[in-house]
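Enquirer: Residue numbers (my numbering), protein chains in the order written: chain U, 1 to 114; chain P, 115 to 228. Have a look at the structure that comes next, please.
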C-alpha cells in the first residue's frame, strides 16, 4: 500500500540551531503535503503545507521544500527555540480520486535544548 | 474557538465492552476521519466518511465500526473492546472545497482497555 516514511524519529538540537525533518512518499498522485506539530498532551496543529506545483514555501522560521521527481519533502526550522520542542508529523494526500485523505509519517520528536 | 470536539479526553473500559467515541465538528466539513495514534507508528487511519451515511475503511478497520447519521457527527464504535485497542484516538475533518485541505483535529480520546 501507499506509505510515507519520516526521518529521523528523534532529533535533538541546541537552541538557535536549525532542524531538518525529511519525508518520502510512494503515491505519485499525491499533490498536497501538510506538516503538523503536536505538543505534549495537545492536538496536532497544521503549521505549514505545500501543493505539488510549488517547490518551496516559507513562513517565518519554518519552510518546506518538495522534490516531486524524487518524491520527498522536508521541513526546515531555523533559529530553533525551546517552544519548538514537539512531535512533528508529515503527511501526503493519497488516492488519485482526490478524496481528501492523508497518510502520515511516523513522527519526529524534536527536542530543543536551551 | 474549538471546531472539532471529542466527547471524552480519557476513557477506561473493560475487555469485551462496546465502546462509543463521539466526534462533532462545526465547520460544515463533508469529510471526517478517525485515526489512532501509537508511539512509533504515527497516525493510522481507521475509517473515514465523505458524506452522511457514507463510509470507507482505512488501513486498520478490524474491530471497529463507524456511524455518520448527521453531517456534523462521526462516531467510532469498538464492538468488543480488547487490550490491543488501548490507544489515543484522534478525530479530524476537512473539506475538499478549501484550497488547502489540511485536517482540523479534535483533542483526542485516550482509551485504556483493562
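Where a beta carbon is used, it is the ideal one built from N, C-alpha and C, also for glycine. Just so you know, these numbers come straight off a predicted model, no measurement behind them.
Looking at the structure shown, is residue 129 of chain P part of a helix, part of a strand, or coil, going by DSSP?
Expert: The sequence position of residue 129 of chain P within the second chain is 15, counting from 1. The answer is coil: DSSP assigns residue 129 of chain P none of H, G, I, E or B.
Enquirer: Would you mind reading off the limits of the beta strand (DSSP E) that contains residue 156 of chain P?
Expert: Taking the second chain and counting its residues from 1, the one referred to as residue 156 of chain P is at position 42. Looking at the DSSP string, the run of the beta strand (DSSP E) that includes residue 156 of chain P is 156-165.
Enquirer: Considering just the uninterrupted stretch of the beta strand (DSSP E) at residue 125 of chain U, what are its terminal residues?
Expert: Outside the displayed span of chain U (1 to 114) sits residue 125 of chain U, for which this structure offers no information.
Enquirer: Any beta carbon from chain P within less than 8 Å of residue 59 of chain U's own beta carbon?
Expert: On the first chain, position 59 is the one that residue 59 of chain U refers to. Chain P, which has no Cβ nearer than 8 Å to the Cβ of residue 59 of chain U, makes this no.
Enquirer: For residue 139 of chain P, which of helix, strand or coil comes out of DSSP?
Expert: Taking the first residue of the second chain as 1, we reach residue 139 of chain P at position 25. Looking at residue 139 of chain P - three-state DSSP - the assignment turns out to be strand.
Enquirer: Beta carbon of residue 45 of chain U, beta carbon of residue 23 of chain U: below 8 Å?
Expert: Along the first chain, one-based indexing puts residue 45 of chain U at 45. Along the first chain, one-based indexing puts residue 23 of chain U at 23. No, these two residues do not count as a Cβ contact at 8 Å.
Enquirer: Spell out the partners DSSP gives residue 24 of chain U in its beta bridges.
Expert: For the purposes of this step, residue 24 of chain U is taken as the residue at position 24 of the first chain. Residue 24 of chain U is bridged to U:5, U:72.
Enquirer: Would you kindly report the start and end of the unbroken beta strand (DSSP E) that includes residue 171 of chain P?
Expert: The count along the second chain starts at 1 and reaches residue 171 of chain P at position 57. 168-171 is the span of the beta strand (DSSP E), which, as asked, contains residue 171 of chain P.
Enquirer: Output needed for residue 55 of chain U: all residues of its chain with C-beta closer than 8 Å, excluding positions within five of it in sequence on either side, in chain order.
Expert: Here residue 55 of chain U corresponds to residue number 55 of the first chain, with the count starting at 1. Correct list, in chain order: 65, 66, 67.
Enquirer: Residue 153 of chain P by DSSP, collapsed to three states: which one?
Expert: Here residue 153 of chain P corresponds to residue number 39 of the second chain, with the count starting at 1. Residue 153 of chain P falls in the coil class under three-state DSSP.
Enquirer: Would residue 192 of chain P and residue 177 of chain P be called neighbours here (beta carbons separated by less than 8 Å)?
Expert: Here the question's residue 192 of chain P lines up with position 78 in the second chain. Here the question's residue 177 of chain P lines up with position 63 in the second chain. Yes, they are a contact pair.
Enquirer: Under 8 Å, Cβ to Cβ, is there at least one residue of chain U near residue 210 of chain P?
Expert: Here the question's residue 210 of chain P lines up with position 96 in the second chain. Closer than 8 Å to some Cβ of chain U, the Cβ of residue 210 of chain P qualifies, so yes.
Enquirer: Taking the straight line between their C-alpha atoms, what separation do you get for residue 190 of chain P and residue 180 of chain P?
Expert: Numbered from 1 along the second chain, position 76 holds the residue referred to as residue 190 of chain P. Numbered from 1 along the second chain, position 66 holds the residue referred to as residue 180 of chain P. C-alpha separation (whole angstroms): 5 Å.
Enquirer: Go ahead and label residue 155 of chain P buried or exposed: buried means 16 or more other beta carbons lie within 10 angstroms of its beta carbon, across all protein chains shown.
Expert: As a position in the second chain, residue 155 of chain P is number 41, starting the count at 1. Residue 155 of chain P comes out exposed.
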